[in-house]
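Step one of this worksheet: look at the structure below.
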Amino acid sequence: MPTAADPVTWERWLTGGRVYPQIADLVRERIRSGEFPPGGALPSEAKLCQVFGVARNTVRRGLAILEEEGLLVTVPSKGRVVAGESAAVPYRYEVIAARLREQIVHGDLGPGAGLPSEAELRRQFGVSRNTVRQALSVLEHEGLVVAEHGRGRFVRL
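The working numbering applies: residue 1332 is where the sequence shown begins, and numbers increase by one.
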């Protein structure tokens, strides 16, 4: 099956003014035809630049049109993915926040209980300190958790 990485399937390099709408049109056609299924990743920007013979910013502007239309989403570590149920991959911090929220709601972590340390959460989920802090920040913003300087984070009473 031909792919976007194959220059032959795209027929020719794009030229003329306002090339990025042409890129959006060509990629949109591939999405609608099913060549790029929901949840499927598009070729990299670098590959699309090579295929279309244009600058990276031109490719980005074309793909931005499709993102605004809701046809594409950007997923960390995957790139641009065709929107659909299988494209809704949560960020790691959202997964961590959801698990902690579930423990709080179900009473596994009761009012006043201390949350695991940042170091423990990092080990448990295999993520960076910033990812853990972002998850904890979400819970603090929701009012589920309070931070006490020098003591840690606790379930709000």
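Each residue gets a CB set at the ideal place from its N, CA and C atoms; glycine is no exception. These numbers were taken from a predicted model, which means no experiment stands behind them.
Nearest residue (CA-CA) to residue i, options the options
i, options, result
"residue 1362", "1460, 1383, 1378 and 1394", "1394"
"residue 1402", "1356, 1441, 1471 and 1461", "1356"
"residue 1451", "1439, 1464 and 1443", "1464"
"residue 1371", "1442, 1443, 1445 and 1410", "1410"
"residue 1444", "1404, 1453, 1488 and 1473", "1488"
Simplified DSSP state of residue i, which is helix, strand or coil
i, result
"residue 1410", "strand"
"residue 1428", "helix"
"residue 1485", "strand"
"residue 1445", "strand"
"residue 1479", "strand"
"residue 1385", "coil"
"residue 1468", "helix"
Residue range of the alpha helix (DSSP H) that includes residue i
i, result
"residue 1456", "1449–1456"
"residue 1400", "Neither: residue 1400 is in no alpha helix (DSSP H) and is coded neither H nor E."
"residue 1473", "Premise fails: residue 1473 is in no alpha helix (DSSP H) and is neither H nor E."
Terminal residues of the beta strand (DSSP E) in which residue i lies
i, result
"residue 1355", "Residue 1355 -> not in any beta strand (DSSP E); alpha helix (DSSP H) instead, spanning 1350–1364."
Integer-rounded CB distance, given that residue j should sit under 8 Å from residue i
i, j, result
"residue 1440", "residue 1390", "At roughly 46 Å, the Cβ-Cβ gap does not stay under 8 Å, so residue 1440 and residue 1390 are not in contact."
"residue 1484", "residue 1467", "6 Å"
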